[in-house]
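Novice: For the sequence shown, the positions run 1 to 294 when full-length UniProt numbering is used.
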Amino acid sequence: MQPYDVLHGREISEGNNPTSLPYVNIHCSLTQNIEMPQTDAAYIYLVVEGTLRLYTPAGIMDYESGQYSISAIDTPETGYILAKSDSQRFVAVSVEFNPSDVITILLELDKDLIGRIAGGQQSEQMMDMSDGEVTRSVTRLLEIADDPVKAEFLGRNIRREIIFHLLCGKSGTEFMESIIRLQNSGDIYEANTWIKENYKEAFTVEKLAKKFNMSLSVFHDKFRSAVGMAPLQCQKRLRLTEARRLMLDEDKNVSEAASEVGYDNFSQFIREYRKMFGFSPKDDIHRIKSLSEN
1 MQPYDVLHGR EISEGNNPTS LPYVNIHCSL TQNIEMPQTD AAYIYLVVEG TLRLYTPAGI
61 MDYESGQYSI SAIDTPETGY ILAKSDSQRF VAVSVEFNPS DVITILLELD KDLIGRIAGG
121 QQSEQMMDMS DGEVTRSVTR LLEIADDPVK AEFLGRNIRR EIIFHLLCGK SGTEFMESII
181 RLQNSGDIYE ANTWIKENYK EAFTVEKLAK KFNMSLSVFH DKFRSAVGMA PLQCQKRLRL
241 TEARRLMLDE DKNVSEAASE VGYDNFSQFI REYRKMFGFS PKDDIHRIKS LSEN
């Protein structure tokens with residue numbers, strides 16, 4: 001049984017639908033855009049009905065029914081629905097994890113296994129099996145979510161299973177790194193969220209540090225440690241990723257996309273876009289559209 005089998009045909013309100021498990025939420029959208037969970041916890045976002053597209057600095061990621069994304073500190077705030085189900089809706093399930101929950105399990109694992117996870121050296125067979133187990137475990141959570149007694153007793157153990165299978169799956173390295181970064185982020189998470197909400201606006205790191213009551217040097221060091229890059233580089237990646245989406249999804253031309261994400265200098269936009277994606281904006285969009293047609 002899959003999550004689709006549990007939720008298909010069920011009446012689900014548009015938006016976020018909590019369950020009796022505080023870390024499990026069901027999401028439903030009838031429009032093209034969907035807000036991704038905004039939480040300081042790590043989470044997986046498993047598509048149940050429809051197809052989701054995320055524009056991330058790492059690339060364009062599409063998720064169909066039964067596939068899941070793992071949150072990262074640079075997860076976009078908005079996803080875009082490529083296709084809805086026959087019932088004209090998009091449905092997904094999110095399961096949240098506290099860093100302490102994952103760290104506890106990591107401490108219980110064999111050191112050799114942790115080394116293979118960290119190095120991305122798990123066998124393909126093991127990773128495929130683990131990814132399948134993640135989906136099956138999420139299904140079990142959904143099956144008990146309407147029964148508070150079962151949810152309280154069985155839920156915590158099923159969530160531990162999900163964490164183990166996530167670590168052993170194809171995204172195990174990514175999941176472990178996201179947990180470590182979240183554990184180190186602390187109040188930097190709020191600063192990163194602020195940048196994601198205001199990346200089109202000009203700001204200085206000095207003012208941002210002051211906003212979050214830190215000295216410039218402390219803020220810069222903590223941000224780089226948690227996010228893996230400087231604040232202005234984070235802003236630049238968000239701008240360029242959104243510009244790419246505007247040209248692909250909304251047919252904006254290069255100058256329109258550059259202006260809409262906050263660039264005043266067109267030449268700078270071209271230069272930074274090429275550096276990040278390896279192609280000029282026009283060539284990049286033509287390349288992606290050609291690939292999708294094939």
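Heads up, the beta-carbon is just placed ideally off N, CA and C, and yes, glycines get one too. This structure is a prediction, so every number in the text was calculated from the model and none was measured.
Three or more beta-carbon pairs under 8 Å between the segment 92-110 and the segment 161-174, yes or no?
Specialist: Segments in contact, yes.
Novice: Indicate the three-state DSSP secondary structure (helix, strand or coil) for Arg10 in the structure shown.
Specialist: Reduced to three states, the DSSP call for Arg10 is coil.
Novice: List in chain order: all unbroken alpha helix (DSSP H) runs of 4+ residues lying wholly within the segment 35-112.
Specialist: Listed in chain order, they are 99-108.
Novice: In chain order, which continuous runs of the alpha helix (DSSP H) of length 4 or greater are located wholly inside the UniProt domain "HTH araC/xylS-type" (189-287)?
Specialist: Complete alpha helix (DSSP H) runs here, min 4: 205-211, 216-227, 231-249, 254-260, 266-277.
Novice: Quick one: residues in its chain with C-beta nearer than 8 Å to the C-beta of Met176, no 5 flanking neighbours on either side, listed in chain order?
Specialist: Here the set comprises Val102, Leu106, Ile117, Ala118, Leu167.
Novice: Applying the 10 Å Cβ sphere with the 16-neighbour rule, what's the burial state of Ala191?
Specialist: Ala191 should be labelled buried.
Novice: Quickly, what does DSSP pair Pro18 with across the bridge? List them, please.
Specialist: The partner list for Pro18 (beta bridge, DSSP) reads Asn25.
Novice: Might you give, ordered along the chain, the residues of its own chain that have their beta carbon closer than 7 Å to the beta carbon of Leu232, omitting 5 neighbours on each side?
Specialist: Taken in chain order, the residues that qualify are Val205.
Novice: Can you tell me which residues form a DSSP beta bridge with Asn33?
Specialist: Per DSSP, Tyr80.
Novice: Taking Cβ to Cβ, would you say Gly66 is nearer than 9 Å to Ser130?
Specialist: The answer is no: Cβ separation not under 9 Å.
Novice: From this set, Glu49, Gly50, Asn16, which residue's C-alpha is nearest Met36's C-alpha?
Specialist: Residue Asn16 is the option with its Cα nearest to Met36.
Novice: Assign Gln2 to one of three DSSP states: helix, strand, or coil.
Specialist: Note: Gln2 maps to coil in three-state DSSP.
Novice: The ligand GTP heavy atoms versus the CB of Val95: any closer than 8 Å?
Specialist: The ligand GTP is not among the ligands present in this structure, which contains no ligands whatsoever.
Novice: Helix, strand or coil for Ala151 per DSSP?
Specialist: Looking at Ala151 - three-state DSSP - the assignment turns out to be helix.
Novice: Below 8 Å, how does it come out for the segment 89-100 and the segment 38-55: are there three or more Cβ pairs, yes or no?
Specialist: Yes: the two stretches touch, three or more of their Cβ pairs being nearer than 8 Å.
Novice: Would you please state the rounded distance, in angstroms, between the beta carbons of Tyr80 and Asn157? I believe it to be under 8 Å.
Specialist: With a Cβ gap of about 35 Å, Tyr80 and Asn157 do not count as contacting.
Novice: Look at the alpha carbon of Glu108 and the alpha carbon of Met229, and state the distance between them as a whole number of angstroms.
Specialist: Each residue's alpha carbon lies about 31 Å from the other.
Novice: Please state whether DSSP places Lys289 in a helix, a strand or coil.
Specialist: Correct three-state label for Lys289: helix.
Novice: Can the beta-carbon of Met276 be found less than 9 Å from the beta-carbon of Thr139?
Specialist: Contact: no.
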